[in-house]
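Before any comments, here is the structure.
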Amino acid sequence: MYAVRGDPLGFGPEPKDGVGMIGRTTRRVTASLIAGLALMLGSAGLAHAEGRASSYTVDATIDPDGALKVTETIDFAGAAPATLVQELSTRTRTADARAYYYAISDIAAEVGGAPAASIDTKVAATSTRISVPTGGASQVKLSYTVRGAAVVADDETQISWPLLQGLSVPVETFEATIHAPAAFTMIDCAAGAPAAPSGCTFYGGGTHEYPNPYFRDERRGAGEVVVAILRFPATAIPANQDLRDLWTLDRAFSTDPLPLAVAAGTAVIGALVLWLLHRRVGRDASAVAPQLVASFAPTGAGQVSFETVDGVRPGEIGTLADERVDPIDITASVLDLAVRGHLLITELERESAHAPAQWTFARRRHDGPLLDYERTLLDAVAPVQGDPVLLTNLAGSVASSVGQIQSELYEEVVERGWFARRPDTTRNRWTVVGWVAVALAVSLTVALAAFTHFGLAGLVTIALALGLIFVAQELPARTTSGRAVLAGLDVLRGSLLTQPVDQLPIADRLAQVSRLLPYAVVLGGRERWLAALADADDDDQPDSEDLDWYHGPSTWQLADLPASLNSFVTTVQGVLFSR
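Mapped onto UniProt numbering, the consecutive letters of the sequence shown carry residue numbers 1 to 579.
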């Protein structure tokens, strides 16, 4: 039927008698397999042993299940090498980041007509290396079975296998006969260096002279190949290929329709879950009428008085405003304690004109009620009754109390009904959940990228886990009461920024402005109210003790208060909260 000489696989003129009538897909599959085998065999790095095989004869059989049984007879005209080595490739890469894997089994050897005394078989990731001591015999037989060489090609089954490969000695003549359970539809052959095989000397089959597929070649060097290719109807011989995807970044994070759809679906569902979480746990109650905690109440024609409601403290409204106990909240609480008569702040004489300002805290006798966090704060900044304490010496002692002060302040806003749960506890709990989710998402992404094409979905889960950490910072929701007070704070903030100072009674202006100053420190408008206190200085005389809560140096005047208090606020935050 077929008898061919010359170049196969499109490397030269097309073979005659129909053998060259191979489609483009056929050529691509065959060339890809040979190129992959060439890369594997070319990297074997076999040591060239002494001796030359005068003939290398293969008798192979294709089983009905596609398994290929190979028996090699290697004859030596002269002295055989002490050890004959053959390395069989067990993996062939394709151009599209996949690989065919082959299983080698039933390895046996005969030396001089008797079973080999020993066979050393080393199985590596991409090859199986067989070493047989020859004992000086002139003939060695190797046999093995390979599964995986029957691959799908153009709705047919193609068997492609290098019958000569990875041999440690040169070969003078090569002959191979393959017995198959069905007639082939295509035959091809390539031989030469693994990196650039060309045509075999002769191959054919289906004729009177060569009823079975027959291949012949000459003068092959150590490590060179002779690849036999046959095709059969898929109904005659089933494919037994083991084709696997190789890991690549593009494949791991594939943008094919299915992985992309899974990633998009994960993103949509995850975003919906985060939105529902924020709506359920982090969204404030619906808008309600403002509840005022302080206001400028009219006291007469063109006059107002600053009044607080229900004893709400500056630190509490600062915590309600941003759901956190910030340094400015505790600093405002220190000022509020001083204004209410529990603490005296004294600015000391400067050692030189350029020396930094220093302050002391002294506890004052006062019977007014204190909340838990205020008592802890007062004990921290003025621990000794009546003895002034230098502000710069408080860093260590106050640092250990700040956590307790913050905790008690959180408890206070919960007791007032502004939050159903402590903001810090809720945030911390969900933040921990978020970081655990990030760790799990990273692990999931690594697994998806390593074993599937759905790495993009893993990246989406990481983004969603990070989104959970972000949402956690917006938790928890304020209650209806808290939402009403928050709306009232907006009203108070507007008043602090716009209320005319001259509407406060002159006789009580210092006390009124002092009382509202801690609230202005938290909500805004501090500068204009400090300026109002400075404007009350209508003479050149020292005013070091005009304020009962803040005393200055002997030459200090009310006009110096804005600079002094701004410096004080900055220093308190830096000293008291240096950890």
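Every residue gets a Cβ at the ideal spot worked out from N, C-alpha and C, and that includes glycine.
* **Contact set for V522: own chain, Cβ-Cβ below 8 Å, skip 5 residues either direction** => Translated into the one-based positions of the sequence shown, residue 522 becomes position 522. Excluding positions up to five away in sequence, the list reads P314, G315, I317, G318, A321, I328, D329 and A332.
* To do: Assuming P562 contacts D336 (C-beta within less than 8 Å), just tell me the rounded distance between them.
  => Here residue 562 refers to the residue found at position 562 when the sequence shown is read from its first residue. Here residue 336 refers to the residue found at position 336 when the sequence shown is read from its first residue. Between D336 and P562 the Cβ distance is about 19 Å, and since that is not below 8 Å, they are no contact.
* What are the residues that DSSP puts in a beta bridge with V436? -> The residue you call residue 436 lines up with position 436 of the sequence shown. Per DSSP, none; premise fails for V436.
* Asked: Straight-line CA distance for L378 to L459?
  -> In the sequence shown, residue 378 corresponds to position 378, counting from 1. In the sequence shown, residue 459 corresponds to position 459, counting from 1. Using only the alpha carbons, I get a separation of about 50 Å.
* Using a threshold of 9 Å, state whether the C-beta atoms of L276 and L468 are closer than that. => Reading the sequence shown from its first residue, position 276 is the one you call residue 276. Reading the sequence shown from its first residue, position 468 is the one you call residue 468. Cβ distance not < 9 Å, so L276 and L468 don't count as in contact.
* **6 Å Cβ shell around S564 - same chain, five flanking residues per side excluded** => Locating residue 564 in the sequence shown gives position 564, where the first residue counts as 1. Cβ neighbours of S564 beyond the five flanking positions: E347.
* Is it a yes or a no for the stretch 463 to 482 touching the stretch 414 to 425, going by three-plus beta-carbon pairs under 8 Å? -> yes
* Who are A176's beta bridge partners in DSSP? -> As a first step, residue 176 must be located in the sequence shown, where it is residue number 176. A176 pairs with V58 and F215.
* With a 10 Å radius around its C-beta and 16 neighbouring C-beta atoms as the bar for buried, classify E527 as buried or exposed. => Looking up residue 527 in the sequence shown gives position 527. Exposed is the call here.
* Would you grab the beta carbon distance between G455 and A449 for me? Rounded to a whole angstrom, and I think it's under 8 Å. => Counted from its first residue, the sequence shown places residue 455 at position 455. Counted from its first residue, the sequence shown places residue 449 at position 449. The pair is a contact, with the Cβ atoms about 4 Å apart (cut-off 8 Å).
* Ordered list of beta strand (DSSP E) runs contained in the stretch 332 to 396, each at least 3 residues -> 343 to 347 and 359 to 363
* Report the residue ranges of all beta strand (DSSP E) runs contained in full by the stretch 248 to 323; include only those spanning at least 3 residues, in chain order. => 294 to 300 and 303 to 308
* Asked: For Q404, does the three-state DSSP call read helix, strand or coil?
  -> Here residue 404 refers to the residue found at position 404 when the sequence shown is read from its first residue. Three-state result, Q404: helix.
* Asked: Any chance the stretch 110 to 120 sits against the stretch 129 to 147, with 3 or more Cβ pairs inside 8 Å?
  -> yes
* Asked: Since C189 sits in a beta bridge, which residues does DSSP pair it with?
  -> Locating residue 189 in the sequence shown gives position 189, where the first residue counts as 1. Bridge partners of C189: A228.
* Roughly how many angstroms lie between the CA atoms of I269 and R279, to the nearest whole one? -> In the sequence shown, counting from the first residue as 1, residue 269 sits at position 269. In the sequence shown, counting from the first residue as 1, residue 279 sits at position 279. So the alpha carbons of these two residues sit roughly 15 Å apart.
* Kindly indicate the opening and closing residues of the alpha helix (DSSP H) around I462. => Position 462 of the sequence shown holds residue 462. First-last of the alpha helix (DSSP H) with I462: G455 to A472.
* To do: Please confirm if the stretch 140 to 156 is in contact with the stretch 196 to 215, defined as three or more CB-CB distances below 8 Å between the two stretches.
  => no
* Is the number of C-beta pairs between the stretch 183 to 192 and the stretch 223 to 230 that are closer than 8 Å three or more? -> yes
* Is Q473 buried or exposed, if buried means 16 or more other CB atoms sit within 10 Å of its CB? -> If you number the sequence shown from 1, residue 473 lands on position 473. Answer is exposed; the Cβ neighbour count stays below 16.
* Per-residue DSSP class, three states only, for G482 -> Sequence index remark: in the sequence shown, residue 482 carries index 482 (1-based). Three-state result, G482: helix.
* Exposed or buried, T570, counting other C-beta atoms within 10 Å across all chains shown (16 or more means buried)? -> Working through the sequence shown from its first residue, we reach residue 570 at position 570. Exposed.
* To do: Give a yes or no on whether the C-beta atoms belonging to D120 and S127 are separated by under 9 Å.
  => Translated into positions along the sequence shown, residue 120 becomes position 120. Translated into positions along the sequence shown, residue 127 becomes position 127. Cβ distance not < 9 Å, so D120 and S127 don't count as in contact.
* Going straight from the alpha carbon of E87 to that of P257, what length do you get? -> The count along the sequence shown starts at 1 and reaches residue 87 at position 87. The count along the sequence shown starts at 1 and reaches residue 257 at position 257. Approximately 41 Å, taken between the alpha carbons.
* Segments assigned alpha helix (DSSP H), at least 4 residues, entirely inside the stretch 493 to 555 -> 509 to 523 and 526 to 535
* Going by the beta-carbon positions, is the gap between S89 and Q139 smaller than 9 Å? -> Counting from 1 along the sequence shown, the entry for residue 89 is found at position 89. Counting from 1 along the sequence shown, the entry for residue 139 is found at position 139. Contact: no.
* Grouping DSSP H, G and I as helix and E and B as strand, with all else coil, what is P476? -> In the sequence shown, counting from the first residue as 1, residue 476 sits at position 476. It is coil, neither helix nor strand.
* To do: Tell me where the beta strand (DSSP E) around D245 begins and ends.
  => Taking the first residue of the sequence shown as 1, we reach residue 245 at position 245. Unbroken beta strand (DSSP E) run through D245: L243 to D245.
* Asked: Does the distance from the CB of R283 to the CB of A477 come in under 9 Å?
  -> Numbered from 1 along the sequence shown, position 283 holds the residue referred to as residue 283. Numbered from 1 along the sequence shown, position 477 holds the residue referred to as residue 477. A contact, by the Cβ cut-off of 9 Å.
* To do: Using DSSP bridges, identify the partner residues of Y102.
  => Counted from its first residue, the sequence shown places residue 102 at position 102. Note: Y102 sits in no beta bridge, so no partner.
* Measure the C-alpha to C-alpha separation of F568 and V442 and round it to an integer number of angstroms. => Counting from one through the sequence shown, the residue named residue 568 turns up at place 568. Counting from one through the sequence shown, the residue named residue 442 turns up at place 442. Their backbone Cα atoms lie some 47 Å apart in a straight line.
* Asked: Looking at C-alpha atoms only, which residue of W430, Q358 and A261 is the closest neighbour of V281?
  -> Position 281 of the sequence shown, counting from 1, holds the residue named residue 281. Closest by alpha carbon: W430.
* **Backbone secondary structure at F202 - three-state DSSP** => On the sequence shown, residue 202 is found 202 positions in, with the first residue counted as 1. Three-state DSSP puts F202 in a strand.
* According to DSSP, which residues form a beta bridge with Q86? -> In the sequence shown, counting from the first residue as 1, residue 86 sits at position 86. Paired residue(s): I130 and L167.
* Asked: Residues in its own chain within less than 6 Å of Q158 by CB, not counting five upstream and five downstream?
  -> One-based indexing of the sequence shown puts residue 158 at position 158. Within the same chain, Q158 has close Cβ partners V151 and R231.
* Collapsed DSSP secondary structure at R429 in the structure displayed -> Position 429 of the sequence shown, counting from 1, holds the residue named residue 429. Correct three-state label for R429: helix.
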